[in-house]
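Residues in the sequence shown are numbered consecutively from 12, following this note's numbering. Have a look at the structure below, then the notes.
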Amino acid sequence: MLNKIKSMSSLTLSENKSSKITKNPIVTIVTPAYNQGEYLEATMRSVLAQDYQDLEYIVIDDGSSDDSLLVAKRVASEYPGQVTVLTKPNSGQAETLNIGWRMAKGEILGYLSSDDRLMPQAVSRMVDTLQKNPETSVAYCDFWLIDAAGHRLRE
């Protein structure tokens, strides 16, 4: 199975906020998880290892039948107060993201799939890009393909 490592799938300004970003905006990242227990720990740790401090992280288990919820709760317990973990009956990725974004406190919203990872400076670089380009509403990045063990398949 191929996996992707991303610097960030995308960050976008919340529609409830003005187009001018504050100096230190809160960034909310939502990870919907459905039967991705095998990859979820690495995904979560990549978000929690970000160098950007004003980060809200929400992980929502979408009715998984594997150990996704247990993995999410275990990792979250190592980072008290830094991760919100929820579970709900399966309703699909779009609805799960919308639930997370409705909960979000962030001025900037993002998502990361439960089998993707972030590079350590991904969020700070995206925020910097959005701040330096006030006409921009969405920032996204390139990615590397990796295998299930996290090894890069090509440059």
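Just so it is clear, CB atoms sit at the ideal spot from N, CA and C, and this is done for glycine as well. All figures in this text were calculated on a predicted structure; none of them were measured in a lab.
Less than 7 Å between C-beta atoms, sequence neighbours within five positions excluded: which residues of the same chain meet that for residue i?
i: Q107; result: Note that residue 107 corresponds to Thr in the displayed sequence, not to Gln. If we look at T107 and ignore the five residues flanking it on each side, its Cβ neighbours are P43, I71, D73.
i: Y90; result: L59
i: V134; result: M19, V38, Q61, Y63, L66
May I have the straight-line CA-CA distance separating residue i from residue j, to the nearest angstrom?
i: Q61; j: S148; result: 22 Å
i: V38; j: T98; result: 22 Å
i: Q142; j: R113; result: 23 Å
i: E49; j: L80; result: 11 Å
i: F154; j: Q132; result: 14 Å
i: S102; j: Y45; result: 10 Å
i: A159; j: S88; result: 25 Å
i: T54; j: D127; result: 6 Å
i: R165; j: M137; result: 24 Å
List the DSSP bridge partners of residue i.
i: G74; result: Note: G74 sits in no beta bridge, so no partner.
i: V41; result: I69, Y122
i: T95; result: I69
Let me confirm a value: residue i is counted as buried when at least 16 other C-beta atoms fall within 10 Å, else exposed. Which label applies?
i: S125; result: buried
i: K68; result: Reading the sequence as shown, one finds Tyr at residue 68 and not Lys. Buried, by the Cβ-count rule.
i: A105; result: exposed
i: G117; result: buried
i: Q93; result: exposed
i: L120; result: buried
i: L51; result: buried
i: S76; result: exposed
i: G161; result: exposed
According to the Cβ coordinates, are residue i and residue j closer than 8 Å?
i: I32; j: Y122; result: no
i: L225; j: V58; result: Since the displayed the chain opens at 12 and closes at 166, residue 225 lies outside it and no answer follows.
CB-CB under 6 Å to residue i, same chain, minus the five flanking residues each way: which ones, in chain order?
i: P36; result: E118, I119
i: T95; result: I69
Quick check on residue i - is its C-beta less than 8 Å from some C-beta in chain D?
i: V86; result: The displayed structure is made up of one protein chain only, and chain D is not part of it.
Once the 5 residues before and after residue i are set aside, which same chain residues still bring their CB inside 8 Å of it?
i: A115; result: S25, T39, V41, E67, I69
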